[in-house]
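Novice: Just so we're aligned, residue 2 is where the sequence shown starts under the numbering used here, counting upward by one. In this text, a Cβ means the ideal position worked out from N, Cα and C, and glycines have one as well. Here the structure is a predicted model, which is why all the values come from computation and not from measurement.
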Amino acid sequence: MLEKMEIGEHVHEESYEIKEKIESTLCKLQELKGRVAELKQKCEELRRMESERIESTAQKMSLCDKCGHILDPDEQVVVRDSNGEERRHYHQECFQTLFK
Ligand SMILES: [Zn+2]
Numbered sequence: 002m003l004e005k006m007e008i009g010e011h012v013h014e015e016s017y018e019i020k021e022k023i024e025s026t027l028c029k030l031q032e033l034k035g036r037v038a039e040l041k042q043k044c045e046e047l048r049r050m051e052s053e054r055i056e057s058t059a060q061k062m063s064l065c066d067k068c069g070h071i072l073d074p075d076e077q078v079v080v081r082d083s084n085g086e087e088r089r090h091y092h093q094e095c096f097q098t099l100f101k
């Protein structure tokens, strides 16, 4: 009888410890989840910034559609379509050779 009670108490104590461990693990997990979400958000932000940077660089550094070399934005010839959208970019010399 006495033995049984001891075992019972021991089991109770152990299960309490386990419960505490589970709770603290869950708590840590929740914390980690929060950090993961935070990192994901930062990652998204960086990705967005990077693609914006690439886009703006690509816009600044358009390539000549004739020779394929980088164009100086101040000296390029821009050909627009009927909607006014930029379709082709040329060096001034390259643009002139198109009509030779
Ligand atoms: Zn060119």
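#1: Which residues end up in the neighbourhood of ligand 1 when you take C-beta atoms closer than 6 Å to any of its heavy atoms?
#2: Rounded to the nearest angstrom, how far is the Cβ of ASP66 from that of ARG89, given a contact under 8 Å?
#3: For SER16, which residues of its own chain have a beta-carbon under 7 Å away from its beta-carbon, when the five flanking residues on both sides are left out?
#4: Let me check one thing: in DSSP terms, what residues is TYR17 bridge-paired to?
#5: Does the beta-carbon of HIS92 have 16 or more other beta-carbons within 10 angstroms, so that it is buried, or is it exposed?
Specialist: Quick look at the numbers:
#1: With 6 Å as the limit, the residues whose C-beta approaches any heavy atom of ligand 1 more closely are CYS65, LYS67, CYS68, HIS70, TYR91, HIS92 and CYS95, in sequence along the chain.
#2: Taking the first residue of the sequence shown as 1, we reach residue 66 at position 65. Taking the first residue of the sequence shown as 1, we reach residue 89 at position 88. Their Cβ separation, rounded to whole angstroms, is 4 Å, which keeps ASP66 and ARG89 in contact under 8 Å.
#3: To locate residue 16, count along the sequence shown from 1; it is residue 15. Once the five neighbours on either side are set aside, SER16 has no close Cβ partner at all.
#4: The count along the sequence shown starts at 1 and reaches residue 17 at position 16. Per DSSP, none; premise fails for TYR17.
#5: Here residue 92 is taken as the residue at index 91 of the sequence shown, counted from 1. Under this definition HIS92 is a buried residue.
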